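A short write-up of the structure that comes next.
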Amino acid sequence: MYAIAFARTGGIDVLEPMDLPLPEVGPGDVLVRVLACGLNHLDLWVRQGLPIQIPMPHIGGCEIVGEVAEIGSSVTSIAPGQRVMIAPNQGCGHCRECHRGNDPACPEFSIPGEHAQGGFCRFAKAPARHIIPLSESWSPVEWAAAPLTFLTAWSMLHRHGRIQPGDDVLVQGAASGVGSAAIQIARLAGARVFTTAGNAAKQQLARDLGADIVIDYNQHSVADVVKKETQGRGVDIVVEHVGKSVWKDMLKCLAHGGRLVTCGATTGPKVEIDLRFFFTREIEVVGAFMGTRGELDQVLKLLDRKLLHPVVDRTFPLAQLREAHQYLEDRKQLGKVVIEVP
Ligand SMILES: [Zn+2]
Numbered sequence: 001m002y003a004i005a006f007a008r009t010g011g012i013d014v015l016e017p018m019d020l021p022l023p024e025v026g027p028g029d030v031l032v033r034v035l036a037c038g039l040n041h042l043d044l045w046v047r048q049g050l051p052i053q054i055p056m057p058h059i060g061g062c063e064i065v066g067e068v069a070e071i072g073s074s075v076t077s078i079a080p081g082q083r084v085m086i087a088p089n090q091g092c093g094h095c096r097e098c099h100r101g102n103d104p105a106c107p108e109f110s111i112p113g114e115h116a117q118g119g120f121c122r123f124a125k126a127p128a129r130h131i132i133p134l135s136e137s138w139s140p141v142e143w144a145a146a147p148l149t150f151l152t153a154w155s156m157l158h159r160h161g162r163i164q165p166g167d168d169v170l171v172q173g174a175a176s177g178v179g180s181a182a183i184q185i186a187r188l189a190g191a192r193v194f195t196t197a198g199n200a201a202k203q204q205l206a207r208d209l210g211a212d213i214v215i216d217y218n219q220h221s222v223a224d225v226v227k228k229e230t231q232g233r234g235v236d237i238v239v240e241h242v243g244k245s246v247w248k249d250m251l252k253c254l255a256h257g258g259r260l261v262t263c264g265a266t267t268g269p270k271v272e273i274d275l276r277f278f279f280t281r282e283i284e285v286v287g288a289f290m291g292t293r294g295e296l297d298q299v300l301k302l303l304d305r306k307l308l309h310p311v312v313d314r315t316f317p318l319a320q321l322r323e324a325h326q327y328l329e330d331r332k333q334l335g336k337v338v339i340e341v342p
C-alpha cells in the first residue's frame with residue numbers, strides 16, 4: 001500500500017514514499033479507502049518526535065475520511081461503499097473513564113496518526129465503533145478539515161471554558177484550525193468574539209467567520225484593545241494555542257474569574273507564572289486535549305446542519321505531503337490544510 005511515512009523522527013526530509021503492508025482487518029474492524037485526511041500541528045510534533053511510543057515506519061494523519069472498502073466478519077453497523085470518517089479520539093469503550101464519558105482519560109486512548117497508523121496512505125482501519133457515517137452535507141475534503149479542530153475548540157469553550165451567552169471570548173489566531181473553529185462555536189453560543197490576525201487576508205477571514213472585533217497584533221497590543229472594548233473588565237475566556245510569545249499578554253486580557261484554556265504551544269511551551277496574579281484575580285488556566293466522543297458527535301451534528309462550517313485553506317495531493325508540512329510549519333494557512341489521496 002502506498003503511503004507517505006517516516007522510519008525515524010526529525011525534519012521534513014524524513015517523510016518518504018513507502019510501500020507498506022495493507023492493514024489486517026480483524027472481525028470487528030473496518031477498512032477505509034482514504035479519500036482525504038486533514039493535516040494538523042499534531043502531525044508536525046509527532047514527526048519531530050514526542051516522548052511516546054509510536055509504530056514505525058509511521059503514518060501520520062488523524063482526520064481520516066473515505067469509503068468503506070471491507071468490513072470484518074462481525075461488523076453489522078457499516079456497509080462497504082459507505083462514506084465515513086474515522087473518529088480521531090479513540091477510547092477503549094470498556095474502562096471506567098470511557099463509561100464515564102471521559103474517553104481522553106482512557107489508559108488506552110489512541111489517536112490515529114499518533115499512537116496508531118494514520119491516514120496519509122491509501123487504506124486505514126479502525127474498530128467499527130470508531131467509524132462514523134457521513135452525510136452529503138460536505139465533500140470528503142471539507143469533512144476531513146473538521147473533526148480535530150472543531151472537537152478541540154468545542155471542549156475548550158463548552159466543557160473547560162463554561163461559555164455562556166453574552167460572554168466575551170478572545171480567540172487566538174483566527175486563521176488557525178482551532179481559531180477558525182472556535183470563532184464559529186463562540187458565536188453560536190451567543191458570545192461576543194475578539195480575535196487576532198496578523199494580515200489583511202486573515203482579518204477578512206475572521207470577519208467572514210463572524211468575529212466581532214478583529215485585532216491586528218502587529219499594529220496594536222491585544223490586551224490594550226481588549227481592555228478598551230470591555231471598559232477595563234477583560235474577557236471571560238481566552239482560547240489559546242500559541243504559547244510563550246503571547247502568554248503574558250493573554251493573562252492580561254482575562255477578566256476577574258476568567259478562564260484561559262490552552263491546547264497547544266506553537267511558539268514554545270515554557271512560560272512564567274506569578275501566583276499573586278492568579279489568586280487575586282481568581283483566574284483559571286485549563287489544559288484541553290481533544291475531547292470526548294459525545295462532543296465529537298455534537299460538533300458533527302452541527303456541521304451536518306451547517307450551523308458550523310469547515311474552513312479549508314488548500315489541499316495538497318498525498319505525494320506532496322512534505323510541501324504541506326512546510327506550509328503549515330510556515331504558518332501561512334487560512335484555515336485547514338487537507339491532504340487528498342488519489
Ligand atoms: Zn477506555
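Counting with my numbering, you get residues 1 to 342 for the letters of the sequence shown. Virtual Cβ for every residue (Gly too), placed ideally from N, Cα, C. Since this is a predicted model, take the numbers as computed values, not measurements.
So residue i and residue j are supposed to be a Cβ contact under 8 Å. How far apart are they, rounded?
i	j	result
V193	V171	6 Å
V46	F123	So it is not a contact: roughly 20 Å between Cβ atoms.
A145	V32	Not confirmed; about 17 Å, so no contact.
A3	C95	That belief does not hold up - the Cβ atoms of A3 and C95 are roughly 31 Å apart, past 8 Å.
G81	E67	6 Å
G38	K336	6 Å
G29	A128	Inspection of the sequence shows that residue 29 is occupied by Asp rather than by Gly. Yes, they are in contact, since the Cβ atoms of D29 and A128 sit about 7 Å apart, within 8 Å.
G257	E282	5 Å
V214	A175	Rounded, the Cβ-Cβ distance is 11 Å, inconsistent with contact.
Let me confirm a value: residue i is counted as buried when at least 16 other C-beta atoms fall within 10 Å, else exposed. Which label applies?
i	result
T267	exposed
A324	buried
G61	buried
I273	exposed
A345	In this structure the chain extends from 1 to 342, so residue 345 is not present and cannot be described.
N218	exposed
K355	Nothing about residue 355 can be reported from this structure: the residues present for the chain run from 1 to 342 only.
A79	exposed
M56	exposed
F150	buried
A206	buried
I163	buried
K202	buried
I52	exposed
N40	buried
P133	exposed
L303	buried
L275	exposed
E136	exposed
S77	exposed
D168	buried
A200	exposed
P23	buried
Between residue i and the rest of its own chain, which residues show a CB-CB distance below 6 Å, the 5 nearest in sequence each way excluded?
i	result
H160	V261, V286 and A288
P104	F289 and M290
E340	A36, T315 and P317
G264	H241
E284	R259
R322	I12 and L15
T292	G101 and D103
I59	A3, A5, Q117, G118, F120 and C121
Compare the C-beta of residue i against all C-beta atoms of chain B and say whether one is closer than 9 Å.
i	result
K336	Going by chain labels, chain B is absent from the structure shown, which holds only one protein chain.
Per DSSP, which one or two residues make a beta bridge with residue i?
i	result
K336	V312
R192	D168
G287	T262
Q298	Per DSSP, none; premise fails for Q298.
V84	G66 and P133
F120	None; F120 has no bridge partner.
Y2	D19
V30	I71 and A126
P317	E340
S110	Q90
Report all residues from its chain with a CB closer than 8 Å to the CB of residue i; omit the five preceding and five following residues, and keep chain order.
i	result
P342	P317 and L318
P112	G61, C62, I64, I86, P88, Q90, G118, G119, A124 and A126
P21	M1
G210	I183, Q184, R187 and V193
E343	Because the chain in this structure spans residues 1 to 342, residue 343 falls outside the shown range and cannot be described.
C98	G91, C92 and C106
G166	G190, A191 and R192
P17	Y2, A3, I4 and A319
G243	T262, G264, A265, T266, T267, G268, P269 and V271
Might you give, ordered along the chain, the residues of its own chain that have their beta carbon closer than 7 Å to the beta carbon of residue i, omitting 5 neighbours on each side?
i	result
K252	A223
E329	L44
P27	G72, S73 and S74
V25	L31, E70, G72 and K125
H309	Q184
D313	Q333, L334, G335, K336 and V337
D216	A197, G198 and Q203
Following a CB-centred definition, is residue i positioned closer than 8 Å to any heavy atom of ligand 2?
i	result
P317	This structure lacks ligand 2; the ligands present are ligand 1.
(message) Report the start-end ranges of each alpha helix (DSSP H) in the segment 196-276 that is 4 residues or longer and not cut off at the edges.
(response) 200-208, 222-229 and 247-253
(request) Could you tell me which uninterrupted beta strand (DSSP E) segments, each at least 3 residues in length, are contained entirely in the segment 32-80, listed from first to last along the chain? (result) 63-71
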